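First comes the structure, then the notes that go with it.
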Amino acid sequence: MHTTTTTTTTTTTATTTTSTTTTTTTTTTTTTTTTTTTTTTAAAAAAAAAAAATAAAAATTLLLLLLLLLLLLLLLLLLLLLLLLLLLLLLLYYYFYSYYYYYYYYYYYYYYYYYYYYYYYYYYYYYYYYYYYYFYYYYYYYYYYYYYTTIHPDPNPPPLHPTPPHSTHPPTNHHHHHHHRSQ
């Protein structure tokens, strides 16, 4: 009988131990769940921050590229305008230089042409006129002298040494000229 009483007491103690173990297991599960939730929120925030930083860097890079492209286009436009200005200046210089050169050449050529031919005409006209009539005068003078003294003697022949003409005008002896034309 003693043995039976001991057995009953042992059974009561075992039931109490089982209840304590169940409570400990429940507490551990709650702590684990809380820790897991905190870790997930921090990772999402870090990923969002990284994505925002990447987007900001991409936007900044794109903006810098656009600004660089705009600067290159402006430089190209400035270079094109400079080339057009240079071409315009070259055309103006060529036009004015050609006009000046043409005008100068034409003026110089005309002046030289006029002066040359005027001088040529005057020179040859003067000397031809002078010597032609000079020799004409003497030739016909001696011809008439010979005619009036030998072929048909004249009591009053002209003088042997006449005075040569002093101007460019021809001799005023029309009889000699008409006689020259008749021959």
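Mapping the sequence shown onto the numbering used here, position 131 (from 1) lands on 989, and the numbers just tick up by one.
Cβ coordinates follow ideal geometry from the N, Cα and C atoms, glycine included.
Only a predicted model underlies this, so the values are computations on that prediction, with no experimental measurement involved.
{"query": "Output the distance between the C-alpha atoms of T918 and Y959, rounded to the nearest integer angstrom.", "result": "60 Å"}
{"query": "I need the straight-line Cα distance from Y963 to L950, nearest angstrom please.", "result": "19 Å"}
{"query": "Suppose the cutoff is 7 Å on Cβ atoms and the five residues either side in sequence are ignored; what does the same chain contact list for A915 look like?", "result": "none"}
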